[in-house]
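This report refers to the structure that appears directly beneath it.
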Amino acid sequence: MTRFYTRTGDTGYTDLLGGRVPKYDDRPETYGTIDEATSVLGYARAIALSERTRALLIDVQRDLYLMMAELAFAKEMRQGKFHITREHVQRIERETDRLAEELDLPPHFILPGDSAGGAILDVGRTVVRRAERLA
Numbered sequence: 818m819t820r821f822y823t824r825t826g827d828t829g830y831t832d833l834l835g836g837r838v839p840k841y842d843d844r845p846e847t848y849g850t851i852d853e854a855t856s857v858l859g860y861a862r863a864i865a866l867s868e869r870t871r872a873l874l875i876d877v878q879r880d881l882y883l884m885m886a887e888l889a890f891a892k893e894m895r896q897g898k899f900h901i902t903r904e905h906v907q908r909i910e911r912e913t914d915r916l917a918e919e920l921d922l923p924p925h926f927i928l929p930g931d932s933a934g935g936a937i938l939d940v941g942r943t944v945v946r947r948a949e950r951l952a
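Those letters in the sequence shown? Residues 818 to 952, per this note's numbering, in order.
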């Protein structure tokens, strides 16, 4: 069974692969935010009406897990173990373009909240943007 605690108390540091770092360090801040985005996308997947949407969200969640693994390793330990490639990014960009064409989106900003699925994806979008600012 997976434990959700370490039994070492909270000293303001966290163990990463390669050593301990302060919890306010950029790496735990960033992968914690990516973890939050992954959970939001999990909620979106749970309420998605289309199997295609669920499959796309699973792919994105897996990519985000890969990013978290990359951040958990000290730079000198990563060496080819985990790597988000340009191909990952291009796949997401292609899917985004395809969906934008299919949905015939308006040329202006959309106020969140027209549907439960759209609203939770907007929450996910803002969490990902926060992760970008931290990275």
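Yeah, the Cβ is synthetic: ideal placement off N, Cα and C, and Gly gets one too.
- A Cβ-Cβ separation of about 14 Å leaves Thr831 out of contact with Arg824 under the 8 Å criterion.
- When secondary structure is reduced to three states using DSSP, Gly941 falls in the helix class.
- Separation of Ala948 and Asp842 (C-alpha to C-alpha, rounded to the nearest whole angstrom) is 13 Å.
- Relative to Gly835, the option among Arg869, Lys892 and Leu928 whose CA is nearest is Lys892.
- Taking 8 Å as the upper bound for CB-CB distance, Gly934 and Ala863 are not in contact here, some 10 Å apart.
- In this structure, Thr850 lies near Val944, with their beta-carbon atoms less than 9 Å apart.
- The Cβ neighbour count for Leu866, taken over all protein chains shown within 10 Å, is under 16; the residue is labelled exposed.
- Under the three-state reduction of DSSP, Leu834 is assigned to strand.
- Arg911 and Lys840 have their alpha carbons spaced roughly 35 Å apart.
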